[in-house]
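**Q**
There are 2 protein chains.
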Amino acid sequence: MVNQRIKNMEEFASVSGLSRPTVSKYFNDPSSVRASTRLKIEQALEEFEYQPNIYAMNQNRKLTKNVGIVVPHLADPFFAEIARTIEARCIEAGYRPTMFSSYGDPAQEIEILSLLRSMKPAGVLLAPLGRLSDRSEIEKFCRDVPTVLFDSYLEGIGDAFVGSDNYSFVNQTVEYLTRTGEPPLFFEMKTPANPNANKRRQAYLDVMERLGHEPHVVKIDGEGWAFEEIGKRGAMAFLTKGDWPTNAILCSNDRLAIGFLAAAYELGIRVGRTPDCTLRLASNDDHPFSRFTCPSLTTAAHDYDSVSSASVDCLLQLIESGGKFSTRQEQLFEARLVLRNSS
Amino acid sequence: MVNQRIKNMEEFASVSGLSRPTVSKYFNDPSSVRASTRLKIEQALEEFEYQPNIYAMNQNRKLTKNVGIVVPHLADPFFAEIARTIEARCIEAGYRPTMFSSYGDPAQEIEILSLLRSMKPAGVLLAPLGRLSDRSEIEKFCRDVPTVLFDSYLEGIGDAFVGSDNYSFVNQTVEYLTRTGEPPLFFEMKTPANPNANKRRQAYLDVMERLGHEPHVVKIDGEGWAFEEIGKRGAMAFLTKGDWPTNAILCSNDRLAIGFLAAAYELGIRVGRTPDCTLRLASNDDHPFSRFTCPSLTTAAHDYDSVSSASVDCLLQLIESGGKFSTRQEQLFEARLVLRNSS
DNA sequence: ATTAAAAATTTACGCGCGGTAACATTTAAA
DNA sequence: TTTAAATGTTACCGCGCGTAAATTTTTAAT
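As given, the protein sequences belong to chains A and B, one line each in that order.
777 is the number of the first residue of the first sequence in the working numbering; add one for each residue after it.
777 is the number of the first residue of the second sequence in the working numbering; add one for each residue after it.
1) Any idea what DSSP makes of residue 895/A, helix, strand or coil?
2) Taking a Cβ distance cut-off of 9 Å, strictly less, list which residues of the stretch 1003-1020 of chain A are near chain B, in chain order.
3) Excluding sequence positions up to five away, which residues of its chain have a Cβ less than 8 Å from the Cβ of residue 1121/B?
4) Where residue 1116/A and residue 1075/A are concerned, what is the direct C-alpha to C-alpha distance, given to the nearest angstrom?
5) Compare the C-beta of residue 834/A with all C-beta atoms of chain B and state if any pair is closer than 7 Å.
6) Within 10 Å of its beta-carbon, does residue 815/A have 16 or more other beta-carbons around it, so buried, or fewer, so exposed?
7) As an exercise, report each continuous alpha helix (DSSP H) stretch of at least 4 residues that is fully enclosed by the stretch 886-948 of chain A, in chain order.
8) Going along the chain, which residues of its own chain have a beta-carbon closer than 8 Å to the beta-carbon of residue 893/B, five neighbours each way excluded?
9) Rounded to whole angstroms, what is the Cα-Cα separation between residue 778/A and residue 925/B?
10) Kindly say whether residue 1116/A, judged by its beta-carbon, lies nearer than 7 Å to any beta-carbon of chain B.
11) Check each candidate in 935/B, 933/B, 962/B and name the one with the smallest Cα separation from residue 947/B.
12) Out of 929/A, 830/A, 851/A, 848/A, which has the shortest C-alpha to C-alpha gap to residue 784/A?
13) According to the neighbour-count rule (16 or more other Cβ atoms, all chains shown, within 10 Å of its Cβ), is residue 1096/A buried or exposed?
14) For the alpha helix (DSSP H) that contains residue 1002/A, what are its first and last residues?
15) Quick one: Cα of residue 983/B to Cα of residue 1026/B, how far?
16) Does residue 804/A come out as helix, strand or coil in the three-state DSSP assignment?
17) Using 7 Å as the limit for Cβ to Cβ distance, is residue 854/B near chain A?
18) Please return the same chain residues whose Cβ sits closer than 8 Å to the Cβ of residue 987/B, not counting the five positions on each side in sequence.
19) Around the Cβ of residue 1062/B, are there at least 16 other Cβ atoms within 10 angstroms (buried) or fewer (exposed)?
20) Comparing alpha-carbon positions, which option in 977/A, 934/A, 1067/A, 941/A lies nearest residue 1009/B?
21) Whole angstroms is fine: what's the gap from residue 1099/A's alpha carbon to residue 804/A's?
22) Report the rounded CA-to-CA distance for residue 1082/A versus residue 1109/A, giving the unit in angstroms.
23) Please list, in chain order, the chain A residues whose beta carbon lies closer than 7 Å to that of residue 737/B.
24) Where do the N-terminal and C-terminal ends of the beta strand (DSSP E) with residue 1104/A fall, by residue?
25) Please list, in chain order, the chain B residues whose beta carbon lies closer than 9 Å to that of residue 929/A.
26) Contact between the stretch 970-978 of chain B and the stretch 998-1018 of chain B is defined here as three or more beta-carbon pairs at a separation below 8 Å; is this criterion met?
27) Output the distance between the C-alpha atoms of residue 824/A and residue 929/B, rounded to the nearest integer angstrom.
28) Determine the direct distance from the alpha carbon of residue 1052/A to that of residue 957/B, and round the result to whole angstroms.
29) Quick one: is residue 1034/B near chain A, going by C-beta distance under 7 Å?
30) On the criterion of 16 or more Cβ atoms from any shown chain inside 10 Å, does residue 923/A qualify as buried, or is it exposed?
31) Is the shortest distance between the beta-carbon of residue 850/A and the beta-carbons of chain B less than 7 Å?
32) Please determine, among 1038/A, 1034/A, 1043/A, the residue with the shortest C-alpha to C-alpha distance to residue 1017/A.
33) By the 10 Å Cβ neighbour count, where 16 or more other Cβ atoms means buried, how is residue 1104/B classified, buried or exposed?
34) Tell me, please, whether the CB atom of residue 1041/A is closer than 7 Å to any CB atom in chain B?
35) Going along chain B, which residues have a C-beta under 7 Å from residue 1070/A?
Rendered as structure tokens:
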């Protein structure tokens, strides 16, 4: 008769000598019941195997403990890494995160938002696709669900934005390259989906003007999320054409740089800061792979931890404020220049 | 009065001129209602915004349409890629997948299984951590929830296993390396978490014996999932020590190989198949980055699509069979040798 | 010891849906 | 036209829990 199967909270309350609502309160917040009551429940919990039915729990709750995390592409280690950190932070805070990735597809992004809506989440952390996103749909979503946007800035959408200060990124890399050699050209995709790319280009133009150098922007073809492949092809074209205006390259992001380095290697063009090298290369993001490229990549690093923590903190604040801020909040984090061997 | 807020299925049934049970049938299987009825509902669906409460839906259903996908480390692009494919297949089949990653932590793996249990999923696709997994907990889980294991083989656990034929992987790379030059040594971690690693080592030893060559296994230190870093350090030690028994290296997996190549580059040791190279390198997995390493990596490729499809198909069969197979099913897929520049 | 306030617990009700049986209606076949 | 099969409706119950209001217990103050 010991360890009988507990079917529901009623039964569990009975074996722990309490009423069901008290047990219910415990599961929603253990500190909301008296210590002696808590003890009874926890003893029963050791003896009997029981966990509340999550569906029954959430069906009538005005606010679930669910949190949605949406990123544009989980197979991109940059997003995988940031999603992982955010996920951990949410769990620490007592929430139940669920991860979603639109894998670069705007239609899937909308589907995720629809699914999310039906999950009645306490809040959502959303890194949108960017240019490809259906702005009006996202706007509608943000009106109904407390949402903190991160990484990709969408003008005026969402209750808050947490991201990186693209100017700080580009400023540091351009200054470094210029200080230690020739000023760089800017290597990017022609029509980048991510809005950070546009800000980085603009920052490059600004910084170059401030430093009194002529800017050169190289725009390469390619659509989608295969950035390495796009970068490699673009670099192949660029490198075989010759007549480079400078020997220093600043890539818009690390994944393009990875492709660039692959192309340079295949063409036998040495990249690095030693005298035998013909090109120097720097980039932005501090992609997890950037320390294993050949040569290792000098890059402006995101403050992963700060962005993640700030995003989650901001969302928690938003939730506690009842889902609305009086004014839209924006938080930007500076880059940390990581010097490696590519420049 | 138009587009009034629909609160529940009763209301929605009323505005579509039907009874609630009929509408319920539609949402559980649109083809179970007459075409004319379907039309009525779909017209109402366009006019009014409504989707069933997923929590209320699942609370009494014996079997939800949920499917859990668990991988050991989502920040590893290999798993991100396979999870993505599996996710898509599940959605195609009309299921609602949820992704989980234990990020290399056995405790988190168990927590995921516990959470999954409470989600009453129709089935679970589980790639366990391997050596670090709590076998008995996983075994208990598999007794209660229809589970297909993939990628990592755990002896006798789960209703089915779908993975890659490690022998086929190693056999092809060893044969290729031997045919085109010296037979390789095997480069691996001392205590790999993933059981595939052990099978690959054994396969290496078998193939070398069959071909009549003396095997050499190089075991490097390191724990955790930072394989590139571990590979780089191990390669640094190996390469600086000199007196290599052969000029051909077979890495247990691509991530180690990526680290190896980074080390070789830093030491100025050229890797490749051209005469000016001192080492040749091959590996296993066809990691998404392996085509962008310097040099690009010759590797035995997983049949991502087949493994993903077979895993999902197998799970669907399992679900339709009521959650149990008469005998444990195992399915292995062969590798496809991808020749690139590293050997 | 008495009393009021605060905290904890219980009572009572409802949520939104799944499932079923008996009955009514439509559709397709004979 | 008749008839049987397919589909839809009505009416009911149950699920496992949240939650507001009412009640009891505990704590703190007098």
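Glycine is no exception: its CB is placed at the ideal position from the N, C-alpha and C atoms.
Computed from a predicted structure; not experimentally measured.
**A** So, from the listed chains and residues:
1) Locating residue 895/A in the first sequence gives position 119, where the first residue counts as 1. Three-state result, residue 895/A: coil.
2) 1004, 1005, 1007, 1008
3) The question about residue 1121/B has no answer, for chain B in this structure spans 777 to 1119.
4) The sequence position of residue 1116/A within the first sequence is 340, counting from 1. The sequence position of residue 1075/A within the first sequence is 299, counting from 1. Roughly 8 Å between the two C-alpha positions.
5) Along the first sequence, read from residue 1 onward, the residue named residue 834/A stands at position 58. Residue 834/A counts as touching chain B.
6) By 1-based counting over the first sequence, the position of residue 815/A is 39. With fewer than 16 other Cβ atoms within 10 Å, it is exposed.
7) 911-920
8) Numbered from 1 along the second sequence, position 117 holds the residue referred to as residue 893/B. 917, 920, 921.
9) Numbered from its first residue, the first sequence carries residue 778/A at position 2. Numbered from its first residue, the second sequence carries residue 925/B at position 149. Because the pLDDT of residue 778/A is 47, which lies under 50, any placement of that residue in the model is unreliable, and the question is left without a value.
10) Looking up residue 1116/A in the first sequence gives position 340. Judged by the 7 Å Cβ criterion, residue 1116/A is not in contact with chain B.
11) The residue you call residue 947/B lines up with position 171 of the second sequence. For residue 947/B, the nearest C-alpha among the options comes from 962/B.
12) Translated into the one-based positions of the first sequence, residue 784/A becomes position 8. Nearest C-alpha to residue 784/A: 830/A.
13) Residue numbering aside, residue 1096/A sits at position 320 when the first sequence is read from its first letter. Answer is exposed; the Cβ neighbour count stays below 16.
14) As a first step, residue 1002/A must be located in the first sequence, where it is residue number 226. Neither: residue 1002/A is in no alpha helix (DSSP H) and is coded neither H nor E.
15) To locate residue 983/B, count along the second sequence from 1; it is residue 207. To locate residue 1026/B, count along the second sequence from 1; it is residue 250. Roughly 13 Å separates the two Cα atoms.
16) Locating residue 804/A in the first sequence gives position 28, where the first residue counts as 1. Residue state, collapsed to three classes: helix.
17) Stepping through the second sequence from its first residue, residue 854/B is reached at position 78. Cβ-Cβ to chain A under 7 Å: no for residue 854/B.
18) Locating residue 987/B in the second sequence gives position 211, counting from the first residue. Once the five neighbours on either side are set aside, the close Cβ partners of residue 987/B are 950, 951, 954, 959.
19) Numbered from 1 along the second sequence, position 286 holds the residue referred to as residue 1062/B. Residue 1062/B comes out buried.
20) Numbered from its first residue, the second sequence carries residue 1009/B at position 233. Out of 977/A, 934/A, 1067/A, 941/A, 1067/A has the C-alpha closest to the C-alpha of residue 1009/B.
21) Locating residue 1099/A in the first sequence gives position 323, where the first residue counts as 1. Locating residue 804/A in the first sequence gives position 28, where the first residue counts as 1. Distance between the alpha carbons of residue 1099/A and residue 804/A: 20 Å.
22) Position 306 of the first sequence, counted from the first residue, corresponds to residue 1082/A. Position 333 of the first sequence, counted from the first residue, corresponds to residue 1109/A. Spanning the two alpha carbons is a distance of roughly 8 Å.
23) Beyond the ends of chain B as shown, which are 777 and 1119, falls residue 737/B; an answer cannot be given.
24) By 1-based counting over the first sequence, the position of residue 1104/A is 328. Careful: residue 1104/A lies outside any beta strand (DSSP E) and carries neither H nor E.
25) Within the first sequence, numbered from 1, the residue matching residue 929/A stands at position 153. Near residue 929/A there are no residues of chain B at all, since even the closest Cβ is about 24 Å away, more than 9 Å.
26) no
27) Position 48 of the first sequence, counted from the first residue, corresponds to residue 824/A. Position 153 of the second sequence, counted from the first residue, corresponds to residue 929/B. Between residue 824/A and residue 929/B, the C-alpha separation is close to 32 Å.
28) In the second sequence, the residue the question calls residue 957/B occupies position 181. In the first sequence, the residue the question calls residue 1052/A occupies position 276. Cα to Cα, the separation comes out at about 31 Å.
29) Counting from 1 along the second sequence, the entry for residue 1034/B is found at position 258. Taking Cβ atoms only, chain A reaches closer than 7 Å to residue 1034/B, which makes this a yes.
30) Within the first sequence, residue 923/A is the residue found at index 147, counting from 1. So residue 923/A ends up on the buried side.
31) Working through the first sequence from its first residue, we reach residue 850/A at position 74. Cβ-Cβ to chain B under 7 Å: yes for residue 850/A.
32) Along the first sequence, one-based indexing puts residue 1017/A at 241. Minimum Cα distance to residue 1017/A is reached at 1043/A.
33) Start at 1 with the first residue of the second sequence, and residue 1104/B comes out as number 328. That one is exposed.
34) Locating residue 1041/A in the first sequence gives position 265, counting from the first residue. Answer yes: the Cβ-Cβ gap between residue 1041/A and chain B drops below 7 Å somewhere.
35) Translated into positions along the first sequence, residue 1070/A becomes position 294. In chain order: 1037, 1038, 1041, 1070.
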